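Asker: Pasting a structure here, questions to come.
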Amino acid sequence: MSNSKSDEKEIRDRAFEKIQTLLRGHRYSSLMFAAFDLGILPALSRQEMTPEALCKTLSLSRRGLLQILTALKAVELVAEEKGFFFVPDPYASCFNSDSEDYMGSLIRHEKHFTERWSRLAESVRSGKPVKNTKIKRHKTDSERFINAMAATGQKSAGAVLQKIGLRGDEHLLDLGGGPGRYQKIFCETYLQLKVTLFDLAETIQAAQDTLKNHPRYSQMRFIPGDMLTDEIGSGYDVILISNVIHIYGPNEIDIILKKCYEALKPGGRLLVKDFFMRPDDKGLEFSALFSLHMLLST
């Protein structure tokens with residue numbers, strides 16, 4: 004076989020493998036959802052256990068458990084030593100509810116959207132969210148969303164803080180800041196900083212319940228409301244809008260940005276962090292898929 008034909012075959016083989024990988028991607032998330040919901044990953048993140056102990060504790064069939072443990076070992080979420088299974092570092096903290104790295108709420112949040120993603124063709128055809136996704140959320144849906152945002156905020160707060168370059172004595176508004184993870188870490192880093200958190204009432208209540216005993220609580224302010232219709236306060240040196248504006252359309256964004264302009268002190272800064280499509284294609288995959296996620300939802 005000539006080199007050109009060999010190269011062509013290799014390219015076709017890689018294409019086949021890539022499509023096959025994409026087609027089967029749901030198997031990985033389904034494996035994790037099942038292992039988490041059944042309690043396998045949470046249990047093994049805390050202690051080593053035998054299959055017999057897991058079957059008894061979690062009321063699972065031996066056949067099913069052994070098969071899912073084999074799959075979890077294959078993707079390296081579970082390890083085995085002398086017949087005992089466990090979640091190895093660094094993954095254990097992600098499934099242990101006592102850890103700051105716990106991802107349980109984020110896992111539940113992502114699982115919640117699997118049915119919606121199965122209806123992507125419907126949404127692409129209509130250009131609108133799939134039906135029944137804009138109804139008022141149940142309390143448990145809101146709690147799941149708030150906790151999921153807490154998990155992601157915990158991880159990104161440090162990097163955001165480095166980027167925004169604070170003096171440390173400003174008054175900062177975290178607009179739509181969720182359950183206050185940025186607020187917490189910002190106040191821990193700068194002891195003279197004041198941080199006001201603005202979000203919906205139920206989110207503000209969750210943030211206050213979590214932070215009320217924090218040693219830097221005196222630096223924190225809280226305003227419940229809807230940023231489109233309610234006052235957001237004034238006299239801010241910095242306003243941060245992180246992962247918020249993708250929810251809204253152009254007219255709503257205009258309203259929000261105008262409010263921010265009016266709420267800033269002269270010379271104040273408005274900082275926007277969000278998922279953007281870049282012309283150089285860097286980060287394109289995540290942003291493009293997230294754009295479809297928002298098509299399904301808003």
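First residue of the sequence shown: 4, per the working numbering; consecutive thereafter.
By construction, the Cβ of each residue, glycine as well, lies at the ideal position given by its N, Cα and C atoms.
Every value quoted in this text rests on a predicted model; they were computed, and no experiment measured them.
In the structure shown, what three-state DSSP assignment does phenylalanine 19 receive?
Answerer: Here residue 19 is taken as the residue at index 16 of the sequence shown, counted from 1. Helix.
Asker: Is DSSP giving threonine 53 helix, strand or coil here?
Answerer: One-based indexing of the sequence shown puts residue 53 at position 50. Correct three-state label for threonine 53: coil.
Asker: Let me know the beta strand (DSSP E) ranges lying completely inside the segment 249-298, each 3 residues or longer, listed in chain order.
Answerer: Fully enclosed beta strand (DSSP E) runs of 3 or longer: 267-276.
Asker: Only counting runs of 4 or more residues, tell me where the alpha helix (DSSP H) segments fall wholly within the segment 150-196, in order along the chain.
Answerer: For the segment 150-196, whole alpha helix (DSSP H) runs of length 4 or above, ordered along the chain, are 184-192.
Asker: For the pair the segment 115-132 and the segment 44-62, tell me if three or more CB-CB distances fall below 8 Å.
Answerer: The answer is no - the segment 44-62 does not touch the segment 115-132, with fewer than three Cβ pairs under 8 Å.
Asker: Which residue comes first and which comes last in the alpha helix (DSSP H) that contains aspartate 240?
Answerer: On the sequence shown, position 237 is the one that residue 240 refers to. Element bounds for aspartate 240: not the alpha helix (DSSP H) but the beta strand (DSSP E), 239-245.
Asker: Using the Cα positions of tyrosine 94 and leucine 63, report the straight-line distance between them to the nearest angstrom.
Answerer: Stepping through the sequence shown from its first residue, residue 94 is reached at position 91. Stepping through the sequence shown from its first residue, residue 63 is reached at position 60. If I take the Cα positions, the gap works out to 23 Å.
Asker: Taking only three categories from DSSP, how would you classify leucine 200?
Answerer: Stepping through the sequence shown from its first residue, residue 200 is reached at position 197. If DSSP states are grouped into helix, strand and coil, leucine 200 belongs with the strands.
Asker: When you compare only the Cα positions, how much space is there between leucine 26 and lysine 59?
Answerer: Looking up residue 26 in the sequence shown gives position 23. Looking up residue 59 in the sequence shown gives position 56. Those two C-alpha atoms are separated by around 35 Å.
Asker: Which whole-angstrom value is the C-beta distance of alanine 266 and isoleucine 242, which I expect to be below 8 Å?
Answerer: Position 263 of the sequence shown, counted from the start, is the residue given in the question as residue 266. Position 239 of the sequence shown, counted from the start, is the residue given in the question as residue 242. Yes, they are in contact, since the Cβ atoms of alanine 266 and isoleucine 242 sit about 7 Å apart, within 8 Å.
Asker: Of the residues Ser100, Pro182, Pro132, which one's Cα is nearest the Cα of methionine 223?
Answerer: As a first step, residue 223 must be located in the sequence shown, where it is residue number 220. Out of Ser100, Pro182, Pro132, Pro182 has the C-alpha closest to the C-alpha of methionine 223.
Asker: Report buried or exposed for glutamine 50, applying the criterion of at least 16 other Cβ atoms within 10 angstroms of its Cβ.
Answerer: For the purposes of this step, residue 50 is identified with residue 47 of the sequence shown, where counting begins at 1. Classification of glutamine 50: exposed, given that the 10 Å Cβ count is below 16.
Asker: Under the assumption that glutamate 191 contacts arginine 170 (Cβ atoms under 8 Å), give the Cβ distance between them as a whole number of angstroms.
Answerer: As a working mapping, residue 191 is identified with position 188 in the sequence shown. As a working mapping, residue 170 is identified with position 167 in the sequence shown. Actually they do not touch by this definition, with Cβ atoms about 16 Å apart.
Asker: On the criterion of 16 or more Cβ atoms from any shown chain inside 10 Å, does serine 294 qualify as buried, or is it exposed?
Answerer: By one-based count along the sequence shown, residue 294 stands at place 291. Per the 10 Å Cβ criterion, exposed.
Asker: For isoleucine 226, which beta-bridge partners are listed by DSSP?
Answerer: The residue given as residue 226 occupies position 223 in the sequence shown. In DSSP, isoleucine 226 forms a bridge with Phe201.
Asker: Return helix, strand or coil for phenylalanine 39, following the three-state DSSP convention.
Answerer: To locate residue 39, count along the sequence shown from 1; it is residue 36. Reduced to three states, the DSSP call for phenylalanine 39 is helix.
Asker: Counting only the same chain and skipping the five closest in sequence on each side, list residues whose C-beta sits under 7 Å from that of isoleucine 188.
Answerer: By 1-based counting over the sequence shown, the position of residue 188 is 185. Counting only Cβ-Cβ distances below 7 Å, and skipping sequence neighbours, we find Ala160, Gly161, Leu164.
Asker: Who are glutamate 79's beta bridge partners in DSSP?
Answerer: Within the sequence shown, residue 79 is the residue found at index 76, counting from 1. The partner list for glutamate 79 (beta bridge, DSSP) is empty, contrary to what the question assumes.
Asker: Does the distance from the CB of serine 255 to the CB of leucine 292 come in under 8 Å?
Answerer: Against the sequence shown, residue 255 aligns to sequence position 252. Against the sequence shown, residue 292 aligns to sequence position 289. The sequence shown places glutamate at residue 255, not serine. Not in contact: glutamate 255 and leucine 292 (Cβ atoms no closer than 8 Å).
Asker: Using a 10 Å radius around the Cβ and a threshold of 16 neighbouring Cβ atoms, would you call asparagine 216 buried or exposed?
Answerer: Counting from 1 along the sequence shown, the entry for residue 216 is found at position 213. Answer is exposed; the Cβ neighbour count stays below 16.
Asker: Look up glutamate 84 in the DSSP assignment and say whether it is helix, strand or coil.
Answerer: Position 81 of the sequence shown, counted from the first residue, corresponds to residue 84. Note: glutamate 84 maps to strand in three-state DSSP.
Asker: What are the residues that DSSP puts in a beta bridge with phenylalanine 303?
Answerer: Because the chain in this structure spans residues 4 to 301, residue 303 falls outside the shown range and cannot be described.
Asker: Check lysine 59 in the structure and name its three-state DSSP category.
Answerer: Along the sequence shown, one-based indexing puts residue 59 at 56. Helix at lysine 59.
Asker: Does DSSP put glutamate 234 in a helix, a strand or coil?
Answerer: Here the question's residue 234 lines up with position 231 in the sequence shown. Reduced to three states, the DSSP call for glutamate 234 is coil.
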